[in-house]
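Under UniProt numbering, residues 1 to 282 are what the sequence shown spells out, in order. Note that CB positions come from ideal geometry on N, CA and C, so glycine has one too.
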Amino acid sequence: METRELRYFVAVAEELHFGRAALRLGIAQPPLSRAIRQLERRLGVTLLDRTNRTVALTEAGSVLLREGRAALDAVDAADRRTRRAALAATGQPGLVLVTKAGASSELLSKLLDAYAAEPGAAAVDVLLCRPGEQERLLRDGRADVALLHRPFDSTTGFDTEELSTEGQVVLLPAGHFLTGRAHLRMADINALPGLPLPRWPGPDGTYPEGPGPEVRDHAQLLQLIALGRASAVLPESCRTQLSHDLATVPLLDAPAVTTVIAWPPHSRSRALAELIQAATRL
């Protein structure tokens, strides 16, 4: 299979509409339809069930959509890493570190300062993202290294070093009647009237069903909590960056959060190795 054919198929499979897929790809619909038919003939399977009004994935099509996405992600990652390797060879060995916005801020600051003090330290670009995006950005090559948080982020397929473990707290508006408690439990949070937990978008950009507000970033979340529209469960290190209109209470039965530094196992970057060494020395 050609990369072009995979991109065409993934677009049709995600849109389930040849016209919209053609518009997304910037091509006319007839050559797109021909390319999909050619791909089906080459594989000897039917990938899409077509009628005059609908397009649906077959079982074989669902498999190729999943595998095709992974293959295209790998191709894109190879492209990005190759370009960065070329920059490194010309004396510009920059690193891209991705982390969830608002998470591990104090640890990240100490890490960047410690690494910058190393002789010959490379420039580090910090990419802040929404919860759950760090893993994808690291896998697809847009980042060289990431700060991930178990048990919420998967570290499967990465090399990792553990940096810290901490408990969790519930974040509430200052003055809320529960802020005077020494501690709470998760059941107390689930029963909070008028302060539902937020809903973050999934990988496809859609929000799960639920009563909580839809949030896009950490700043929006903090503002909603301060306004008394939501609550949140976060690692206790979030306390270092809270304003006066927010308060925290420890949670006894929330799982501990372990921050790890993670990187692709095939990386051969000296700059990355030195950054990881600086992290493990903290």
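*Any idea what DSSP makes of residue 105, helix, strand or coil?*
As a position in the sequence shown, residue 105 is number 105, starting the count at 1. In the three-state reduction of the DSSP assignment, residue 105 falls in the helix class, which pools H, G and I.
*Answer with buried or exposed for residue 183, where buried requires no fewer than 16 other C-beta atoms within 10 angstroms of its C-beta.*
Here residue 183 refers to the residue found at position 183 when the sequence shown is read from its first residue. By the C-beta density criterion, residue 183 is exposed, having fewer than 16 other C-beta atoms within 10 angstroms.
*What number of angstroms, rounded off, separates the C-alpha of residue 159 from the C-alpha of residue 28?*
In the sequence shown, the residue the question calls residue 159 occupies position 159. In the sequence shown, the residue the question calls residue 28 occupies position 28. A direct Cα-to-Cα measurement between residue 159 and residue 28 gives close to 44 Å.
*Thinking C-alpha only, which one of 78, 13 and 68 is nearest residue 50?*
Along the sequence shown, one-based indexing puts residue 50 at 50. Ranking 78, 13 and 68 by Cα distance to residue 50 puts 13 first.
*If you draw a straight line from the C-alpha of residue 285 to the C-alpha of residue 132, how long is it?*
This structure cannot speak to residue 285, because the chain is shown only from 1 to 282.
*Cα-Cα separation, residue 138 to residue 218*: Position 138 of the sequence shown, counted from the start, is the residue given in the question as residue 138. Position 218 of the sequence shown, counted from the start, is the residue given in the question as residue 218. About 20 Å.
*DSSP beta-bridge partners for residue 188?*
Mapped onto the sequence shown, residue 188 falls at position 188. Looking at the DSSP assignment, residue 188 forms no beta bridge with any residue, so it has no partner.
*Excluding five sequence neighbours on each side, which residues of the same chain lie with their C-beta closer than 7 Å to the C-beta of residue 151?*
For the purposes of this step, residue 151 is taken as residue 151 along the sequence shown, with counting starting at 1. Hits under 7 Å: 255.
_Check whether the stretch 56 to 72 and the stretch 103 to 119 touch, using three or more Cβ-Cβ pairs below 8 Å as the test._
no
*Would you kindly work out how many angstroms separate the C-alpha atoms of residue 239 and residue 248, rounded to a whole number?*
As a first step, residue 239 must be located in the sequence shown, where it is residue number 239. As a first step, residue 248 must be located in the sequence shown, where it is residue number 248. Going by the C-alpha atoms only, they are around 7 Å apart.
_Residue(s) in a DSSP beta bridge with residue 166_ = Residue 166 sits at position 166 when you count from the first residue of the sequence shown. Per DSSP, 257.
*For residue 76, I'd like the list of residues in its chain whose CB is within less than 8 Å of its CB, leaving aside the five on either flank, ordered along the chain.*
Position 76 of the sequence shown, counting from 1, holds the residue named residue 76. 140 and 141.
*Could you check which residue in 199, 145, 45 and 60 has the C-alpha nearest to that of residue 268?*
In the sequence shown, the residue the question calls residue 268 occupies position 268. Of the listed residues, the one whose Cα sits closest to residue 268 is 145.
*Roughly how many whole angstroms lie between the Cα atoms of residue 271 and residue 94?*
Counting from 1 along the sequence shown, the entry for residue 271 is found at position 271. Counting from 1 along the sequence shown, the entry for residue 94 is found at position 94. One C-alpha to the other measures close to 8 Å.
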